[in-house]
Amino acid sequence: MEYRLAYCGEGEVNWCEALGTVLANDEVVNGVSERGGYPVVKKKLRQWYLRITEYADRLLEGLERIDFSDAMKEMQTNWIGRSYGAEIDFEVKSEKATVENLRVYTTRPDTIFGVDFMVVAPELEWVPDLASAAQAAAVQEYLDYVQRRSDRERMAEKKISGVFTGAYAINPFDGREIPIWISEYVLAGYGTGAIMAVPCGDERDYKFAQHFGIPVTNIIGSHFNGSEANPTKEAVLENSGFLTGMRMRDAIGVAIDKLEAMGIGKRKVNYRMRDAAFSRQRYWGEPFPIRWKNGVAVPLPASELPLELPHVDSYQPGPEGEGPLANIPSWVAKELETNTMPGYAGSSWYFLRYMDPHNNEAFCSRDASDYWAQVDLYIGGTEHAVGHLLYSRMWTKALFDLGYIGHDEPYKKLVNQGMIQGSSRFVFRVNGTNLFVSKGLLDADGNYGGKTVDKLHVDVNIVDGYELDTEAFRNWKPDFAAAEFLLEDGKYICSSEVEKMSKSKFNTVNPDDLVEKYGADTFRMYEMFLGPVEMSKPWDTKGIEGVHRFLKKFWRLYMDEEKGLQVVDAPATAEELKVLHRAIRKIEEDTERFSFNTAVSGFMICVNELSDLKCRKKPVLSDLLVLITPYAPHIAEELWHLLGNAGSVLDAVYPVFEEKYVRESAKAYPVAINGKTRAEITISLDAGQQEVEQIVLADPGIAKWLEGKPPKKVIYVKNKMINVVV
RNA sequence: GCCCGGGUGGUGGAACUGGUAGACACGCAGGACUUAAAAUCCUGUUCGCCGAAAAAGCGAGUACGGGUUCGAUUCCCGUCCCGGGCACCA
Numbered sequence: 003m004e005y006r007l008a009y010c011g012e013g014e015v016n017w018c019e020a021l022g023t024v025l026a027n028d029e030v031v032n033g034v035s036e037r038g039g040y041p042v043v044k045k046k047l048r049q050w051y052l053r054i055t056e057y058a059d060r061l062l063e064g065l066e067r068i069d070f071s072d073a074m075k076e077m078q079t080n081w082i083g084r085s086y087g088a089e090i091d092f093e094v095k096s097e098k099a100t101v102e103n104l105r106v107y108t109t110r111p112d113t114i115f116g117v118d119f120m121v122v123a124p125e126l127e128w129v130p131d132l133a134s135a136a137q138a139a140a141v142q143e144y145l146d147y148v149q150r151r152s153d154r155e156r157m158a159e160k161k162i163s164g165v166f167t168g169a170y171a172i173n174p175f176d177g178r179e180i181p182i183w184i185s186e187y188v189l190a191g192y193g194t195g196a197i198m199a200v201p202c203g204d205e206r207d208y209k210f211a212q213h214f215g216i217p218v219t220n221i222i223g224s225h226f227n228g229s230e231a232n233p234t235k236e237a238v239l240e241n242s243g244f245l246t247g248m249r250m251r252d253a254i255g256v257a258i259d260k261l262e263a264m265g266i267g268k269r270k271v272n273y274r275m276r277d278a279a280f281s282r283q284r285y286w287g288e289p290f291p292i293r294w295k296n297g298v299a300v301p302l303p304a305s306e307l308p309l310e311l312p313h314v315d316s317y318q319p320g321p322e323g324e325g326p327l328a329n330i331p332s333w334v335a336k337e338l339e340t341n342t343m344p345g346y347a348g349s350s351w352y353f354l355r356y357m358d359p360h361n362n363e364a365f366c367s368r369d370a371s372d373y374w375a376q377v378d379l380y381i382g383g384t385e386h387a388v389g390h391l392l393y394s395r396m397w398t399k400a401l402f403d404l405g406y407i408g409h410d411e412p413y414k415k416l417v418n419q420g421m422i423q424g425s426s427r428f429v430f431r432v433n434g435t436n437l438f439v440s441k442g443l444l445d446a447d448g449n450y451g452g453k454t455v456d457k458l459h460v461d462v463n464i465v466d467g468y469e470l471d472t473e474a475f476r477n478w479k480p481d482f483a484a485a486e487f488l489l490e491d492g493k494y495i496c497s498s499e500v501e502k503m504s505k506s507k508f509n510t511v512n513p514d515d516l517v518e519k520y521g522a523d524t525f526r527m528y529e530m531f532l533g534p535v536e537m538s539k540p541w542d543t544k545g546i547e548g549v550h551r552f553l554k555k556f557w558r559l560y561m562d563e564e565k566g567l568q569v570v571d572a573p574a575t576a577e578e579l580k581v582l583h584r585a586i587r588k589i590e591e592d593t594e595r596f597s598f599n600t601a602v603s604g605f606m607i608c609v610n611e612l613s614d615l616k617c618r619k620k621p622v623l624s625d626l627l628v629l630i631t632p633y634a635p636h637i638a639e640e641l642w643h644l645l646g647n648a649g650s651v652l653d654a655v656y657p658v659f660e661e662k663y664v665r666e667s668a669k670a671y672p673v674a675i676n677g678k679t680r681a682e683i684t685i686s687l688d689a690g691q692q693e694v695e696q697i698v699l700a701d702p703g704i705a706k707w708l709e710g711k712p713p714k715k716v717i718y719v720k721n722k723m724i725n726v727v728v
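This is the structure we're talking about:
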């Protein structure tokens with residue numbers, strides 16, 4: 003607060019009167035609470051915000067210095083959404099005349115002569131003042147409709163909706179009267195919450211104009227085909243007053259200069275990202291070290307820190323959407339803030355605390371954070387792209403600026419592991435009732451008898467395949483105790499979806515049973531063998547037997563069930579060393595690039611080959627043991643001791659790859675005719691183009707395909723393939 | 001709707017930089033060992049055609065439709081489907 007990083011403002015929350023609480027977006031389904039099915043509306047509450055927008059440019063710049071995937075950088079860049087444009091004030095002509103100006107943000111001031119209508123976000127307070135007497139009822143009806151809609155629904159809406167206010171904006175250059183509309187596709191939180199719509203150049207504006215029959219002005223001549231917007235910047239402007247004849251790209255600056263000179267507009271860099279809402283009306287969260295004195299928020303002095311959550315008997319929400327802390331008389335008496343911090347408060351900097359966990363003076367001493375510095379490798383999913391991973395980057399920059407730490411990016415390298423997904427099950431509740439309808443009874447559009455149906459997650463553990471155990475469902479949660487069911491063929495059938503595995507989706511499975519049955523090494527290796535780390539996939543244990551069999555086979559290289567240790571201290575053959583060193587190379591390469599599934603496959607190939615060779619040689623098997631340690635640490639450690647070593651395998655010297663053991667002198671080349679592989683010919687790796695051509699063309703298997711004709715070209719890629727073009 | 005990923009045999013996947021598509025496994029089928037089972041081992045397994053069978057051969061094939069290239073799972077354009085995110089799940 004002292005650095006103006008945090009401030010109070012008004013924010014909209016999902017308010018459920020019946021539950022008396024604020025709900026998260028994913029606790030709201032079809033405008034009703036997931037729990038109980040009660041109506042949810044938007045409500046304005048005082049909230050805390052963090053000024054992350056002040057860091058927007060540095061968050062963009064920092065991306066160039068860190069090792070994140072391009073996709074991740076792209077997501078963060080798009081989320082921050084920096085754009086260059088202008089704010090323009092339009093004079094407003096309305097019946098009430100209480101709104102004098104309409105300020106819009108646009109990246110395309112060059113198209114100002116093509117503005118055919120304005121669109122204002124419905125939630126802006128002064129919107130009702132725009133409405134003419136004739137339009138007042140329609141406007142109010144539309145505002146009520148939007149009030150019931152979640153942001154998520156609004157953004158996903160394909161249908162075009164909106165209403166004319168009855169007011170007009172005046173084009174400052176040609177005096178044209180431009181109708182002002184309201185539509186939910188314009189969001190209050192972006193730009194000024196109002197846009198100038200240019201249907202010939204913007205697809206959404208064009209569709210809106212089409213839908214409501216608004217005439218379209220063409221300012222780009224033949225670049226506009228009359229049936230589709232063209233967002234080009236390269237067209238030469240027509241019908242555009244002082245901009246006519248200019249290329250659009252060049253006209254942008256000219257238009258802004260003119261607007262600035264006239265005092266009705268200015269250059270503006272805009273960000274899509276908004277400041278971060280930082281308060282929650284919940285109990286479980288860090289309390290704010292803030293005391294309210296006569297309506298002014300004052301930070302607690304350091305002597306009163308740390309402020310800890312009070313013990314409570316009940317977690318019931320406080321009055322009027324306040325958090326549970328508002329119910330604690332001792333807390334309220336001290337005039338302490340009753341909101342708490344969100345989950346990302348802690349997750350933004352926990353890794354710093356890990357560096358110095360017992361420090362009672364500071365979150366982390368400067369010495370400790372200088373020593374450990376950045377997180378070298380952070381493994382996390384892309385679902386954190388624009389939340390946690392952005393917040394923690396901002397948090398780190400703030401701490402850096404204040405001198406508490408010496409680096410301004412928290413993570414050096416980020417690897418996005420895929421999510422293990424689960425198969426979720428859903429039940430269908432008729433909106434506003436306690437009636438649950440089996441899947442097969444729903445209409446084609448997912449409704450029941452014309453009524454909206456809420457799709458709710460149900461615990462996979464009380465569903466057998468797709469059939470719900472209705473009795474277990476009634477016992478599952480108090481809300482469902484009185485549930486009634488409409489069955490099909492005597493059964494309640496659920497629908498299913500593959501989603502990320504999550505407690506809130508009730509689709510989690512517990513790995514303990516598998517660890518119990520196969521051991522931790524098998525489980526660990528199986529997870530790695532499943533597929534590339536960065537790929538998401540549904541959890542499935544079908545293949546675990548294979549990994550288990552492999553580890554048993556690996557064990558048998560060293561140990562015989564009856565005769566015990568089989569390893570002999572004898573020199574390895576060239577063949578055995580080749581197998582070993584191929585494995586060393588493969589494991590090293592694959593591990594370096596996080597390709598654990600192919601590394602496991604490499605181990606399997608190596609063990610299969612050594613088994614075939616009946617290799618029992620200690621020099622080979624000892625190195626292999628060290629190699630596999632990161633993948634199967636328990637078995638490795640045990641065999642290490644059985645081999646007679648005193649210390650831990652973790653301290654053993656890691657095997658070094660030596661090229662001399664795997665060197666080959668010839669390769670079996672695939673030979674293709676016109677790109678189709680027809681033969682395999684073994685040729686020395688030293689062979690040159692001419693030599694290869696001779697050998698290939700003399701080959702009877704190839705000659706057959708040439709039918710006596712000379713080839714056009716022979717393409718020879720050393721150590722890869724040979725292609726004969728006929 | 002917008003942003004970001006992904007789509008390859010019956011299944012998980014491999015092919016790293018445009019160069020033999022299906023490595024390694026699972027499953028399945030057949031066989032060996034066993035009184036039997038488990039465990040283990042061997043053989044086969046993309047689809048279609050040819051063929052008694054084996055071997056060999058031919059054709060098609062990496063979501064779908066086009067394109068670039070001697071050559072495309074890989075690059076380009078378009079479409080469809082699935083997953084993640086969209087600001088109060090963290």
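Mapping of the first sequence onto this note's numbering: position 637 corresponds to residue 639, and the numbering continues sequentially without gaps.
For glycine and all other residues, C-beta sits at the position ideal for the given N, C-alpha and C.
As the structure is a computational prediction, the values presented were derived from the model and not from experiment.
query: When Glu577, Gly83, Ser426 and Trp128 are compared against Asp614, the one with the closest alpha-carbon; result: Glu577
query: Counted within 10 angstroms of its Cβ, other Cβ atoms place Asp72 as buried (16 or more) or exposed; result: exposed
query: Nearest to Met396 (by Cα), restricted to the options Ala257, Tyr468 and Leu62; result: Leu62
query: Proximity to Leu311 [Cα-Cα], best of Met120, Arg476, Glu547 and Tyr285; result: Tyr285
query: Start and end residues, beta strand (DSSP E) containing Leu458; result: Val455 to Val460
query: Assigned secondary structure, Thr679 (DSSP; H/G/I helix, E/B strand, else coil); result: strand
query: Strand pairing of Glu14, partner residues [DSSP]; result: Lys46
query: Residues of its chain near Ala278, where Cβ-Cβ distance is below 6 angstroms and the 5 sequence neighbours each way are ignored; result: Leu52 and Ile54
query: Status (buried if at least 16 other CB within 10 Å, exposed otherwise) for Arg48; result: exposed
query: Under 8 angstroms between C-beta atoms of Val622 and Leu582; result: yes
query: Residues near Tyr373 by beta carbon distance below 8 angstroms, same chain, minus five either side; result: Met357
query: Integer-rounded CB distance, given that Val602 should sit under 8 angstroms from Asp559; result: Checking the displayed sequence, the identity of residue 559 turns out to be Leu instead of Asp. 16 angstroms between Cβ atoms; not a contact.
query: Asp456 and Val34 closer than 8 angstroms at C-beta; result: yes
query: Residue nearest to Ala231 in terms of C-alpha spacing, selected from Asp207, Glu240 and Val165; result: Asp207
query: Unbroken stretches of the alpha helix (DSSP H), 4 residues or longer, contained in the stretch 193 to 276; result: 205 to 214 and 250 to 264
query: Beta-carbon gap between Ile607 and Leu553 smaller than 8 angstroms; result: no
query: Span separating the alpha-carbon of Glu97 from that of Leu354; result: 59 angstroms
query: Cα-Cα separation, Pro412 to Met503; result: 27 angstroms
query: Residue burial classification, Lys507 (beta-carbon count within 10 angstroms, cutoff 16); result: buried
query: DSSP three-state assignment for Met421, whether helix, strand or coil; result: coil
query: Nearest candidate by alpha-carbon position, reference Leu338, set Asp315, Val300 and Glu490; result: Val300
query: Distance CB(Asn436)-CB(Thr454) smaller than 8 angstroms; result: no
query: Distance CB(Val148)-CB(Pro130) smaller than 8 angstroms; result: no
query: Buried versus exposed, by CB contacts within 10 Å (16 or more), Gln692; result: exposed
query: Three-state class that DSSP yields for Ile381 in the structure shown; result: strand
query: Val122 and Gly22 closer than 8 angstroms at C-beta; result: no
query: Residue burial classification, Val94 (beta-carbon count within 10 angstroms, cutoff 16); result: buried
query: C-beta atoms of Arg595 and Val664 nearer than 8 angstroms; result: no
query: Reduced DSSP secondary structure (H/G/I, E/B, other) of Met74; result: helix
query: CA nearest to the CA of Gly287, picked from Tyr40, Thr342, Ser134 and Val728; result: Thr342
query: Cβ contact check for the stretch 178 to 198 and the stretch 106 to 125: 3 or more pairs under 8 angstroms; result: yes
query: Straight-line gap, Glu640 to Leu652 (C-alpha atoms, nearest Å); result: 12 angstroms
query: Trp351, DSSP secondary structure in three states; result: coil
query: Pairwise C-alpha distance: Ser332 and Lys46; result: 26 angstroms
query: Residues of its chain near Leu65, where Cβ-Cβ distance is below 8 angstroms and the 5 sequence neighbours each way are ignored; result: Lys75, Gln78 and Thr79
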